[in-house]
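S.K.:
2 protein chains.
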Amino acid sequence: MSFSFPSSCPLPLADYPQVLMAHGGGGRLSEQLIDKIFVSAFDNPFLAQRHDGALLEVAGQRLAFTTDSYVVHPLEFPGSDIGAMAVNGTVNDLAMCGARPLYLTAGFIIEEGLKMETLWRIVQSMKAAASAAGIMIVSGDTKVVDRGKGDGVYINTSGIGLTEYNQIIAPTSVLPGDAILISGDIGRHGMAIMSVREGLEFESMIESDCAPLNAPVLELLKQGIRVHCLRDLTRGGLSSALNEISRSASVKIEIDETLVPVDEQVRGACEILGFDPLYVANEGRFVAFVVPEDAERALSILRGFDVCDQAVRIGTVGSGVSRSGNGLVTVKSSLGVSRILDMLSGEQLPRIC
Amino acid sequence: MSFSFPSSCPLPLADYPQVLMAHGGGGRLSEQLIDKIFVSAFDNPFLAQRHDGALLEVAGQRLAFTTDSYVVHPLEFPGSDIGAMAVNGTVNDLAMCGARPLYLTAGFIIEEGLKMETLWRIVQSMKAAASAAGIMIVSGDTKVVDRGKGDGVYINTSGIGLTEYNQIIAPTSVLPGDAILISGDIGRHGMAIMSVREGLEFESMIESDCAPLNAPVLELLKQGIRVHCLRDLTRGGLSSALNEISRSASVKIEIDETLVPVDEQVRGACEILGFDPLYVANEGRFVAFVVPEDAERALSILRGFDVCDQAVRIGTVGSGVSRSGNGLVTVKSSLGVSRILDMLSGEQLPRIC
């Protein structure tokens, strides 16, 4: 087989001549696409941080700058909608950089034929989310594409925030011995979406956990908690977040599965549909890597916020670097057995965010 | 007819129950959608500037922040592609705020099945454009949507820039008597796209004018030209740019059509396809509103740059405000007759940017 493709393309084209759904799934193929195509082309120290946003210095000020596109299907679902997600998701990415979110832009790609009423509801939802998170949407763009070339509406939001504390909150700051805290129970967002798609009915509806996380994060910093890394548990869930951090920091991560909070109904939905909650997306949960001596105080600060009232320590960063240099995440099950928690390898939940 | 729509929705739903292609065309319906749905919901002084980007103050620094999504079809066309457009378009929006473009984010919404080779070429084109414009792409996002829910790839870029001069470059700074300069000939981008779509063949191919404009703009400012407003001539072309500025500033604008440069081949393509060059999109052209005493010097500075070597004065801001408060643009034709140059009312060129 021969390709006219530039010989410098670092992706194995024979294996992946086309983009697959799994390239957007937050797992192994996503990581490969991002590394081989985007990071290698745009090569710069900011992208190399492999963080939720870039930490920049502009005229002596430390800014965070981030972007995310939202393609969730359906547009509206129990507990939230694409509009609130687009605001909270980008607010949370800035918060995960330890920055105070300030301003967002919003870019809409609308499919011809979207009901104006639906658009209006989504925009009202963005307005409410912006107000709740204390940010302003300061610039925007609207494009319309033909029927059959979109799916209702896709929304991109980009955000800038101000880093007011000196800590470098990034995967590369993680140290052996760090306590790993989780801000609440996992799997709600993914299971809310899947329940709607699959037409599942439960005693009470599973609602997305979509919420802004800037207030609890900034309170941790204000109270002097020595935070090394933060990561929200979106696409790919807890598993992807821990694997990405473990690889970026070249450390081993050990968590205890029995300590990870999962709501009974969410667990039930996962069992029916064949999902592992550790891989399911959330939109209002994060992990914090903190100095072990600060762990208890951090948890008590987090529990002061409704959105984090189930915060708990789930594990520890292992001593020594991972031998492979590629990181390693192990999880201890209820039977006391440890297994490797790998990245998602296929496409588990398409169009989840 | 009755609607369950919130009574506060300011758009006439009976007229527009759904989003139409023309809502994205850069003309009257676009303006209505933006005003009634987005600006009214996200109500804040930055959006109210109705500028190409928001001018913000962050920790004592004046920043510009802007966003644009690119949905051009086809993805590659004579002279450029969606990748270079996505970089140059956002660089230019920052430049139009008088800011030095610094950092961009890039969000990709990829349709399942896009050839990896095409994606790689587009990303290489973005890399080259970023390098030419002197900016860095510091953060990104990748989503994949199902076949038939996208069109190859849509790209959002957002950018931040630093405003190093004290001038407030915005529609509201425009004053009666200001000279109106255009940086070059118009219509190339739109006609390059349409020639491909319609399969037209010309003696030589019409190429898009897609180019970064930050260097000439920053040189005007560095040389002390008193610039009141800048606007690039993208969707809706020269007509939309002048109408938007005239409305925002509540001034009359008078231009002489015979002074507006149009390449002969572009004019021919416009005639064949039934387009008025004044409404056709460009991706490397802008208008500058400057103090009349500075006009000649500004032109000579602009002509020092290849991308502006046909820069010329095309008109003047009329004395007194427009009586309606809604602005007014008039254009004098080659016959010496003046006519009103209105906003585009339908959808002229879908998916042009």
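Which chain is which? The protein sequence lines are V and L, in order. Reminder that position 298 of the first sequence reads as 297 in numbering that gives the first Met the number 0, one-by-one numbering, no gaps. Reminder that position 101 of the second sequence reads as 100 in numbering that gives the first Met the number 0, one-by-one numbering, no gaps. In this text, a Cβ means the ideal position worked out from N, Cα and C, and glycines have one as well. Please read these numbers as outputs of a predicted model, since none were measured by experiment.
(1) Taking its Cβ as the centre, do 16 or more other Cβ atoms sit within 10 Å of S333 (chain V), making it buried, or is it exposed?
(2) How far does the beta strand (DSSP E) with N155 (chain V) in it extend, from its first residue to its last?
(3) Check whether the Cβ atoms of G151 (chain V) and E110 (chain V) lie closer than 7 Å to each other.
(4) Can you check DSSP and say which residues form a bridge with T315 (chain L)?
(5) Could you tell me the alpha carbon to alpha carbon distance between E295 (chain L) and Y278 (chain L), rounded to whole angstroms?
(6) Report yes if the CB atom of A280 (chain V) is closer than 7 Å to the CB atom of C228 (chain V), and no otherwise.
(7) Can you confirm whether E111 (chain L), when its beta carbon is compared against all beta carbons of chain V, has any partner nearer than 7 Å?
(8) Pair every Cβ in the segment 97-116 of chain L with every Cβ in the segment 59-74 of chain V, then say whether three or more of these pairs are closer than 8 Å.
(9) Compute the Euclidean distance between the alpha carbons of S249 (chain L) and A310 (chain L), then round it to the nearest angstrom.
(10) Residues in its own chain within less than 7 Å of P100 (chain L) by CB, not counting five upstream and five downstream?
(11) What are the boundary residues of the beta strand (DSSP E) that R99 (chain L) is part of?
(12) Report the neighbours of C8 (chain V) on chain L: residues whose CB is nearer than 7 Å to its CB, in chain order.
(13) Please confirm whether A127 (chain V) has its beta-carbon closer than 7 Å to some beta-carbon of chain L.
(14) Name, going along the chain, the residues of the segment 20-35 of chain V whose beta-carbon falls closer than 7 Å to a beta-carbon of chain B.
(15) Looking only at DSSP bridge pairs, what is K114 (chain V) linked to?
(16) Counting Cβ pairs closer than 8 Å, one from the segment 300-308 of chain V and one from the segment 172-183 of chain V, do we hit at least three?
(17) Within 8 Å, do at least three Cβ pairs link the segment 142-151 of chain L to the segment 193-206 of chain L?
(18) What does DSSP give as the partner residue(s) for C209 (chain V) in the beta ladder?
(19) Excluding the five sequence neighbours on either side, which residues of its own chain have a C-beta within less than 8 Å of the C-beta of D210 (chain L), listed in chain order?
(20) For L62 (chain V), I'd like the list of residues in its chain whose CB is within less than 8 Å of its CB, leaving aside the five on either flank, ordered along the chain.
(21) Count the other C-beta atoms from every protein chain shown that fall within 10 angstroms of the C-beta of P44 (chain V), then say buried if there are 16 or more, exposed otherwise.
(22) K148 (chain V) by DSSP, collapsed to three states: which one?
(23) Counting only beta-carbon atoms, is I108 (chain L) nearer than 7 Å to chain V?
(24) Over the uninterrupted alpha helix (DSSP H) stretch that includes C96 (chain L), give me the two end residues.
(25) Note down the Cα distance separating A47 (chain L) from V38 (chain L), rounded to an integer number of angstroms.
(26) Is the number of C-beta pairs between the segment 261-272 of chain V and the segment 121-128 of chain V that are closer than 8 Å three or more?
(27) Which chain L residues are close to I136 (chain V), counting only those with a beta carbon under 8 Å from its beta carbon?
(28) Going residue by residue through the segment 48-93 of chain L, where are the continuous beta strand (DSSP E) segments of at least 3 residues, counting only ones entirely within it?
(29) Indicate whether at least one CB of chain V lies closer than 7 Å to the CB of F285 (chain L).
(30) Figure out for me which residue from L:S318, L:S299, L:A178 and L:K251 has the closest Cα to the Cα of P215 (chain L).
(31) Any idea what DSSP makes of D231 (chain V), helix, strand or coil?
(32) Looking only at its chain, what residues have a beta carbon closer than 8 Å to the beta carbon of R220 (chain V), apart from the 5 residues adjacent to it on each side?
(33) At a Cβ threshold of 7 Å, is T104 (chain L) touching chain V?
(34) To the nearest angstrom, how far is it from the Cα of F201 (chain L) to the Cα of G78 (chain L)?
(35) Just the Cα atoms here: how many angstroms apart are L232 (chain V) and D51 (chain V)?
(36) Quick one: which chain L residues come within Cβ less than 7 Å of D150 (chain V)?
M.R.: So, from the data block:
(1) Counting Cβ neighbours within 10 Å, S333 (chain V) comes out exposed, since fewer than 16 surround it.
(2) V152 to L161
(3) In contact: G151 (chain V) and E110 (chain V) (Cβ atoms closer than 7 Å).
(4) L:A178 and L:E253
(5) Note on geometry: alpha-carbon atoms of E295 (chain L) and Y278 (chain L) lie some 26 Å from one another.
(6) no
(7) yes
(8) yes
(9) 26 Å
(10) V90, L93, A94, A132, I134, G158, G160 and N213
(11) R99 to E110
(12) W119
(13) Residue contact check for A127 (chain V) against chain L: no CB pair falls below 7 Å.
(14) Given the protein chain composition of this structure (V and L), no chain B is represented.
(15) In the DSSP output, where bridge partners are listed per residue, K114 (chain V) has L:Q17.
(16) yes
(17) Verdict: no, contact absent.
(18) The partner list for C209 (chain V) (beta bridge, DSSP) is empty, contrary to what the question assumes.
(19) Sequence inspection shows Ala at residue 210 (chain L); the Asp mentioned does not correspond to that position. The residues are N87, E282, G283 and V306.
(20) Spatial neighbours of L62 (chain V) in its own chain (CB-CB distance under 8 Å, excluding positions within 5 residues in sequence) are listed in chain order as L54, L55, E56, A98, I159, G160, L161 and T162.
(21) exposed
(22) coil
(23) yes
(24) From DSSP, C96 (chain L) is part of no alpha helix (DSSP H); its letter is neither H nor E.
(25) 7 Å
(26) no
(27) In chain order, F41, N43 and L46 make up the part of chain L whose C-beta sits under 8 Å from the C-beta of I136 (chain V).
(28) 53-57 and 60-69
(29) no
(30) L:S299
(31) If DSSP states are grouped into helix, strand and coil, D231 (chain V) belongs with the strands.
(32) In the sequence as presented, Arg is not what sits at residue 220 (chain V); that position holds Leu. Same-chain partners within the cutoff: G97, E163, Y164, Q166 and V226.
(33) yes
(34) 15 Å
(35) Rounded to the nearest angstrom, the two C-alpha atoms are 11 Å apart.
(36) Correct list: V144 and K148.
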